[in-house]
Amino acid sequence: MTDEQKQFLIKLLNEPAISGFEGPVQKIWKDEVSKYCDNIHEDAHGNLTAILNKGKDKSIMVVGHSDEIGLIVNYINDDGFIYFKSVGGIDPSMLSSQRVRIINKNGVVHGAIGRTSVHLDTKDEKKAPKMHELWIDIGAENKEEAEKYVAIGDPVVFGEDFQQLIGDSAMARCWDNRVGIYVSAEVVKRLSKEKKLGCTVYGVSSTQEESGLWAARQPGYTYDPTLAIAVDVMPCTDNPGICKEKFGDTKVGKGPVITRGVRTNNQMSIDLIELAKEKKIPYQVDVDQGWTATDADPISMVKGGIPIGVVSLPTRYLHTSIETLSLKDIDDTVELLVQYILNKKF
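Going by my numbering, the first residue of the sequence shown is number 5, and it counts up by one from there.
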């Protein structure tokens, strides 16, 4: 990964954009990718599709989703404390003490998620808090002051931005799934240099995945690709306390994870595995039991059905503010998909 590529990745990671509010990060993606493709189309749901080498009989779609999990302002009480609902799957037990940013029409309001102090908690049993038992404190004295800065429906993101760790590991609040749209962008950029590209390539930055996989079916329906590959993250099993007999064996830093199973096209998965072996690209294998929980699922069901594959980045601590993965795994994922498209024989 070059310094320029890393800076593009960090820009994607640091931009707040929960489901339904993806506009700012989509602009970053569009501004970068538009320099390398024939054109970019934005649909009614905010999905962006970069079209490369248009007009070929066969086509491959590479899709990642731009949205992240987060919160949305639901209620402001008389004392100026702000209550919220979740957008995407969030464990309430990880929310207490988190720094957050509320995104309003004028910019950003900083705050923190609070709960009753352990010194004042009179409950006999210490239980994980429910979502409605937590609040955001922005320092307002009362409701009137809070409403000068925050409105019902404002999106909220966690406060952690990109942080390099030891080696090539890195932490961010939204690897899920800014890494996917980084990969779709880099695949388009790499393939734009090819003189004899044998198919049309659609690089997609989709929306609203975390809120129910709603939006990606639109580019799937519009462009009806010959096949599609979703790039996402997946929970790896290399941190303490995880049962490998139940969840399999995947590790950060050991290469992208290729999914095999019910929903994914078996020949696509085998081709990806064989290509990884041939090109000496590190890889791992995971299984799906009928639902990949990625944008590949809705795309697979449009029109007459589209064969799908899933390639994932093994990631620790998913759906928290400290998601952690390997930068080398990202590079290997880009390389695998570029080689797959270049070597694909329809």
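From the three backbone atoms N, C-alpha and C, an ideal C-beta is built for every residue, glycine too.
Owing to the predicted nature of the structure, the values given are computational and were not obtained by experimental measurement.
Through-space distance from residue j to residue i, alpha-carbon basis
| i | j | result |
| --- | --- | --- |
| N3 | I345 | Since the first residue shown for the chain is 5 and the last is 350, residue 3 is missing from the structure and cannot be characterised. |
| L341 | V187 | 9 Å |
| Q212 | T319 | 20 Å |
| F12 | I185 | 11 Å |
| K349 | S173 | 35 Å |
| T268 | T230 | 14 Å |
| I86 | H323 | 22 Å |
| S215 | G92 | 5 Å |
| N57 | L75 | 39 Å |
| K147 | I32 | 35 Å |
| V192 | I106 | 33 Å |
| K197 | M272 | 24 Å |
| Y287 | D141 | 44 Å |
Buried versus exposed, by CB contacts within 10 Å (16 or more), residue i
| i | result |
| --- | --- |
| P20 | buried |
| C247 | exposed |
| P260 | buried |
| R103 | exposed |
| F251 | exposed |
Limits of the alpha helix (DSSP H) - the one that residue i falls within
| i | result |
| --- | --- |
| A150 | 147-150 |
| I14 | 7-18 |
| F251 | 248-251 |
Beta-bridge pairing of residue i - partner residues as DSSP gives them
| i | result |
| --- | --- |
| Q168 | A174 |
| S210 | H69 |
| G2 | This structure leaves residue 2 out entirely; the chain is present only between 5 and 350. |
| L52 | E46, S209 |
| S63 | T204 |
| D275 | DSSP output for D275 lists no bridge partner at all. |
| Q83 | The question names Gln, but residue 83 is Asp in the sequence shown. Answer is none; D83 lacks a bridge partner. |
Start and end residues, beta strand (DSSP E) containing residue i
| i | result |
| --- | --- |
| N78 | 74-80 |
| G313 | 312-319 |
| R103 | 103-108 |
| L329 | 327-330 |
Same chain, Cβ closer than 8 Å to residue i, neighbours up to 5 away in sequence not counted
| i | result |
| --- | --- |
| L169 | M175, T328 |
| V256 | S173, C240, D242, P318, T319, R320, T328, L329, S330, D333 |
| S100 | I117, G118, R119, P133, L138 |
Contact set for residue i: own chain, Cβ-Cβ below 6 Å, skip 5 residues either direction
| i | result |
| --- | --- |
| S210 | N51, V67, H69, A219, A220, D299 |
| W179 | V237, T319, E327, L329 |
| V291 | R264, G265 |
Residues near residue i in its chain [Cβ-Cβ closer than 7 Å; skip 5 each side]
| i | result |
| --- | --- |
| A132 | P96, S97 |
| S90 | L75, M135 |
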